[in-house]
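In what follows, a single structure is set out as structure tokens and then discussed.
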Amino acid sequence: MTDLPGHMAVALGADDIETLFGAMARTIIAHAEELTALDQAIGDGDHGVNMKRGFEAVTANLPAIAAKPLPEALKAAGMELVMKVGGASGPLYGTLLMTLGKTLPAAPGRGDVAAALAAAIDAVKARGKSETGQKTMLDVLAPVQAAVARGEDLATIRAIAAEAAAATVPMRATRGRASFLGERSVGHMDPGARSSQLLVEAVCDAIGDFA
Amino acid sequence: MTDLPGHMAVALGADDIETLFGAMARTIIAHAEELTALDQAIGDGDHGVNMKRGFEAVTANLPAIAAKPLPEALKAAGMELVMKVGGASGPLYGTLLMTLGKTLPAAPGRGDVAAALAAAIDAVKARGKSETGQKTMLDVLAPVQAAVARGEDLATIRAIAAEAAAATVPMRATRGRASFLGERSVGHMDPGARSSQLLVEAVCDAIGDFA
Amino acid sequence: MKKLINGVETVLRESLDGFCAAHSDIVVLGEDHKFVRRRALKPGKVALVSGGGSGHEPLHVGFVGHGMLDAACPGQVFTSPTPDQMLAAAEAVDQGAGVLYVVKNYEGDVMNFEMAAEMASGTVATVVTNDDVAVEASSFSTGRRGVAGTLVVEKVVGAAAEAGADLASCQALGERVNARTRSMGIALTSCTVPAAGTPTFSLAEDEMEMGVGIHGEPGRRRVKLMPAREIADEMVAAILGDFGADASGEALLLVNGFGGTPTMELYLMYDNARKLIERRGIRITRSLVGNYVTSLEMAGCSLTVTLLDEEIARHWDAPVHTAALRWGM
Amino acid sequence: MKKLINGVETVLRESLDGFCAAHSDIVVLGEDHKFVRRRALKPGKVALVSGGGSGHEPLHVGFVGHGMLDAACPGQVFTSPTPDQMLAAAEAVDQGAGVLYVVKNYEGDVMNFEMAAEMASGTVATVVTNDDVAVEASSFSTGRRGVAGTLVVEKVVGAAAEAGADLASCQALGERVNARTRSMGIALTSCTVPAAGTPTFSLAEDEMEMGVGIHGEPGRRRVKLMPAREIADEMVAAILGDFGADASGEALLLVNGFGGTPTMELYLMYDNARKLIERRGIRITRSLVGNYVTSLEMAGCSLTVTLLDEEIARHWDAPVHTAALRWGM
Ligand SMILES: Nc1ncnc2c1ncn2[C@@H]1O[C@H](COP(=O)(O)OP(=O)(O)O)[C@@H](O)[C@H]1O
Ligand SMILES: Nc1ncnc2c1ncn2[C@@H]1O[C@H](COP(=O)(O)OP(=O)(O)O)[C@@H](O)[C@H]1O
Ligand SMILES: [Mg+2]
Ligand SMILES: [Mg+2]
Ligand SMILES: [Mg+2]
Ligand SMILES: [Mg+2]
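Residue numbers (full-length UniProt numbering), protein chains in the order written: chain P, 1 to 211; chain Z, 1 to 211; chain D, 1 to 329; chain E, 1 to 329.
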């Protein structure tokens with residue numbers, strides 16, 4: 001088991017931040033159609049479109065965002081999502097990034113990351129009046145946070161994110177639009193769980209590259 | 001060449017009139033879907049529906065209609081069509097029958113039939129501001145009238161009606177809804193020509209039965 | 001066929017029952033569902049009566065009321081009503097100043113209204129609308145169809161009749177409005193006549209009909225689906241080209257949905273068409289956007305342009321209180 | 001995908017441009033297309049602001065004007081607008097008496113309006129509408145969706161605000177109207193979100209969705225297509241059953257088309273529903289039939305029943321002048 005890369009305990013440079021957000025944006029944009037198709041099955045068919053719009057805005061402002069220290073960059077990217085994504089995912093992912101920005105120090109270590117993720121997930125829960133087990137993005141974010149806190153390596157974190165997303169398939173939704181479907185929400189992957197998995201994978205890749 | 005049945009020169013009884021209109025109604029009702037399909041191709045898809053509605057009304061009132069002398073029966077059936085069919089075919093077939101009723105004597109001979117048909121066709125032309133050659137019911141009615149005037153037998157009249165209906169296929173419509181299609185009206189049988197053919201056939205059959 | 005109905009035989013009757021119950025403050029249903037008339041008739045006023053096949057709602061029943069029609073005769077779906085309907089309607093609303101029939105130019109409608117006029121006892125005049133530029137007018141043909149421009153004629157003449165114009169003036173005004181009005185329509189999908197049960201025509205996923213009427217009848221040309229701007233361009237060019245040198249000054253623009261096109265797209269078409277028209281030096285000072293002269297569930301729309309003058313604009317602006325058009329009261 | 005558009009990126013912008021040009025006597029477009037506001041604001045009046053995903057037109061922009069909304073924020077198609085839109089709208093229309101947000105109960109809408117309210121400098125209150133009985137309410141779920149009943153809330157509270165009610169009274173009235181309002185919807189076809197390009201769901205030729213919302217989301221159950229009477233029966237039973245013993249007296253009945261269903265069928269549904277409701281001893285004294293809260297080109301409709309009292313009826317009847325609802329002026 002390898003640790004999170006050591007230089008995470010020093011401040012990320014503009015290049016690193018650009019790599020990080022660039023990777024997140026690229027994977028969301030590349031998977032937009034898949035995310036929309038998942039949302040057509042149990043939602044309203046816009047999750048990919050929404051996320052793509054938001055991350056295109058992040059991409060357009062990437063130089064300005066990356067010029068900031070990591071906490072400010074996270075807040076700026078989060079605000080970009082809030083103002084561009086709309087729907088449920090805009091405020092939620094926006095809150096996630098903005099809270100990470102508020103909680104992370106400029107040169108975070110593993111413990112800082114675990115704590116900041118925990119705070120960000122709590123903020124998402126408060127904003128969404130939701131809990132894990134309701135077939136939402138939280139069902140990926142929470143196990144990933146736990147894995148980080150336990151000190152799992154990047155490969156394990158990736159695997160846990162993938163498993164967690166897959167585990168939303170048999171769930172019955174009690175939050176989000178899929179909850180309107182009741183029993184009929186069973187048997188489909190939650191679109192937000194899938195986008196969270198994609199973001200976690202992108203972050204793992206980027207961090208792996210820094211190492 | 002057999003002549004029109006001899007007893008056409010005596011008054012038709014209620015049974016004969018019932019046979020005559022019954023045969024017309026049955027063939028129209030039986031072919032309603034075909035007529036509608038023809039009208040879907042170059043019109044507005046209601047010719048079969050319209051004619052069926054009209055001849056169902058004639059059928060419902062058949063005892064009362066058949067109780068009248070032939071001229072009155074024709075006028076009554078024509079008025080029934082006017083008040084029930086609507087569209088272009090209602091006033092036209094209504095005018096045809098009503099004019100036949102006005103022109104035919106109670107005990108018509110062949111010459112009377114030819115003259116009455118000529119007058120009825122003129123009335124249809126006046127009502128429709130139309131002529132033969134425009135891809136309408138007139139392109140069946142006119143050659144049938146000519147055949148009657150020439151003294152053709154029933155089989156020949158039937159054949160002429162069928163040929164005349166088929167001959168509307170390559171025509172370009174200049175009257176009726178099909179005229180809105182211009183060149184695109186070519187290649188389809190005119191629905192009114194087909195319903196006229198069916199009516200002529202039914203009359204020939206009924207007259208054959210009297211003989 | 002997917003329709004909210006109980007059976008093809010009762011569609012029209014149940015729909016009229018619902019319409020008259022929902023708008024019982026404005027209209028009354030005539031016996032045997034032969035016509036829908038205004039609840040409050042105005043003594044001495046010229047009576048405006050229209051009608052036509054059903055399936056174009058709100059045309060014509062939705063335009064019965066103060067400042068517009070006195071009665072409307074609903075035929076079967078896409079089929080002209082019959083003379084007994086027009087006679088019954090005229091008798092119910094004639095206030096001694098004569099009856100003006102407003103008739104869309106289809107042979108069926110024209111002939112049925114003609115028969116009714118021949119049988120009528122009172123004074124009857126007729127205005128035939130024929131605003132559709134998609135069909136070439138020629139003395140050898142049926143001529144142009146009456147389509148969405150009929151709404152403009154009914155509104156303007158309705159206001160004049162309400163203001164006390166006599167029968168001859170109403171007829172002359174109707175003919176003048178019709179002469180200053182042009183329309184053109186396109187369809188992205190067909191519609192299904194309930195009694196027929198199958199779509200009138202069918203279009204591939206990338207095709208559209210250019211120059212359709214309001215009966216799901218095929219248009220003049222089948223073309224590949226084009227961007228809204230190009231569609232608007234062809235429609236505007238056909239309309240303004242037909243006006244020729246007369247086209248200047250102020251105009252009314254009606255973007256009419258055929259029943260299956262979202263409001264969002266109708267406003268988008270309005271945006272595109274308006275800009276194209278104004279670029280030609282005509283100022284759009286009156287607008288109407290929505291499903292007014294429909295073709296059941298057909299997707300598509302028509303553009304109608306009426307060249308305004310002071311009189312037409314004044315009557316357009318006059319108060320109206322019908323189920324589908326209402327302002328000023 | 002067959003749509004009258006120039007490209008999925010510009011649909012919303014071009015449609016809003018068209019809307020604001022067609023109704024320039026009533027509305028003004030906010031900068032960056034963030035909102036549509038009333039042209040003539042009324043000093044000292046509580047400002048009513050609503051908004052939501054686009055694709056439901058005329059909701060909400062068509063309800064901006066005298067006697068109804070002061071501003072509406074159009075989100076992307078079926079996507080809640082963002083907090084900056086609500087902030088800009090509130091700032092543009094706040095007349096010092098506070099801003100009331102009318103929000104349909106979807107987590108996206110609720111969260112975005114919540115964030116806007118948190119960021120706002122002025123006084124803000126919120127009414128969340130949740131009239132859809134198709135979704136079972138439970139403390140473990142998102143709760144009921146806000147659907148066509150939102151129109152009734154906006155009309156009634158709009159009239160109260162126009163008459164000078166203060167922010168707290170407007171909010172209380174909105175909650176009361178919402179509590180007395182229930183809706184239920186069905187779909188015969190899906191709709192296609194422009195940016196998605198394919199239908200959200202698909203139904204066989206003999207299937208329908210019972211209990212759909214207004215986003216082309218699947219309903220509670222997929223069933224065989226039924227006659228209109230049976231559909232109305234199930235909808236009315238769900239609505240009145242949910243009211244329980246409270247359901248008596250006078251009511252408003254709104255038959256709302258989702259965008260692809262002909263007017264003829266909507267009136268037929270009205271006829272069937274009205275008879276079923278009146279048989280249960282409730283008198284329908286106010287009616288509205290048409291495409292008001294749509295789901296792009298989806299075929300289908302919803303029924304909404306509001307139990308009236310003197311205050312609600314009076315505000316419903318009060319003059320309104322918006323693009324989509326207009327009477328009394
Ligand atoms: N209350 C909530 N808490 C956490 N996640 C939520 C909540 N509501 C929705 N989500 C997530 O948001 C995703 C849907 O996002 P999106 O489709 O963009 O928004 P909308 O549902 O408004 O159309 C869901 O798949 C789910 O993962
Ligand atoms: N002016 C006319 N003269 C003679 N026949 C006509 C005329 N107009 C239409 N028709 C006939 O009527 C038929 C169409 O009838 P129908 O579909 O019932 O009426 P509509 O065209 O009003 O829908 C055409 O096929 C044609 O034969
Ligand atoms: Mg969604
Ligand atoms: Mg026809
Ligand atoms: Mg017809
Ligand atoms: Mg959404």
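All C-beta atoms, glycine included, are put in the ideal place defined by N, C-alpha and C.
Per DSSP, the unbroken alpha helix (DSSP H) holding Ile207 of chain P starts and ends at 191-210. Here DSSP, grouped into helix, strand and coil, assigns Thr129 of chain E to strand. Around the beta carbon of Thr263 of chain E, a 10 Å sphere encloses 16 or more other beta carbons of the protein chains shown; the residue is thus reported as buried. Check the Cα spacing between Glu154 of chain D and each of D:Leu167, D:Thr129, D:Ala165: the tightest is with D:Thr129. By alpha-carbon distance to Arg182 of chain E, the top candidate from E:Leu308, E:Phe113, E:Asn112, E:Val99 is E:Leu308. Using a C-beta cut-off of 8 Å, the stretch 246-258 of chain E makes no contact with the stretch 222-231 of chain E, since fewer than three inter-stretch Cβ pairs fall below that distance. Taking 8 Å as the CB threshold, Glu107 of chain D lines the interface with chain Z. Across the stretch 125-139 of chain Z, CB contacts with chain D closer than 7 Å involve Arg127, Gly128, in sequence order along the chain. By the criterion of a C-beta distance shorter than 8 Å, Thr82 of chain E is surrounded in its chain by Gly75, Asn112, once the five residues flanking it on both sides are discounted.
Judged by the Cβ position, Ser89 of chain P qualifies as a neighbour of ligand 1 at the 7 Å threshold, a heavy atom of the ligand being closer than this. When D:Val103, D:Val93, D:Met86, D:His215 are compared, the shortest CA-CA separation from Ala116 of chain D is found for D:Met86.
The stretch 187-195 of chain Z makes contact with the stretch 157-174 of chain Z, as at least three CB pairs between them are under 8 Å. Counting only residues of its own chain and dropping the five nearest sequence neighbours on each side, Thr27 of chain Z has a CB closer than 6 Å to the CB of Leu198, Ala202. Secondary structure of Gly259 of chain D (DSSP, three-state): strand. The C-beta of Ser54 of chain D comes closer than 8 Å to at least one C-beta of chain E. For Gly7 of chain E, the closest Cβ of chain P is not nearer than 8 Å. With a minimum length of 3 residues, there is no unbroken run of beta strand (DSSP E) contained wholly in the stretch 138-176 of chain D.
Relative to the non-hydrogen atoms of ligand 4, the Cβ of Arg194 of chain Z never comes closer than 7 Å to any of them. With respect to the 8 Å criterion, Val133 of chain D and Met184 of chain D are classified as neighbours on the basis of their beta carbons. Annotation for Gly43 of chain P indicates a beta carbon within 7 Å of some heavy atom of ligand 3.
The alpha carbon of Val85 of chain P has as its nearest neighbour, out of P:Ala32, P:Ala37, P:Leu117, P:Glu131, the alpha carbon of P:Ala32. The C-beta of Phe180 of chain P comes closer than 8 Å to at least one C-beta of chain E. Interface annotation, Asn112 of chain E: in contact with chain P, CB-CB separation under 8 Å. Interface residue (Cβ-Cβ distance to chain Z less than 8 Å): Ser80 of chain D is classified as such.
By the rule that beta-carbons nearer than 8 Å mark a contact, Gly216 of chain E touches chain P. The beta carbons of Thr304 of chain D and Gly260 of chain D sit no closer together than 8 Å. Looking at the backbone, the Cα of Arg145 of chain D and that of Thr294 of chain E are separated by about 31 Å.
Boundaries around Ser89 of chain Z are those of the alpha helix (DSSP H), 89-103, since no beta strand (DSSP E) includes it. Here Gly111 of chain P is exposed: its Cβ has fewer than 16 other Cβ atoms, across all protein chains shown, within 10 Å. The continuous beta strand (DSSP E) containing Ala187 of chain D extends over residues 181-187. Inclusion of Asp190 of chain P in the 7 Å shell around ligand 1 follows from its C-beta lying nearer than that to a non-hydrogen atom of the ligand. For Lys104 of chain E, the enclosing beta strand (DSSP E) covers residues 99-104. In this structure, Gln95 of chain E places its C-beta atom within 8 Å of the C-beta atom of Lys42 of chain E.
For Ser287 of chain D, the three-state secondary structure derived from DSSP is strand. Identification of chain D residues near Arg229 of chain E by a Cβ-Cβ cut-off of 8 Å yields Asn6, ordered along the chain.
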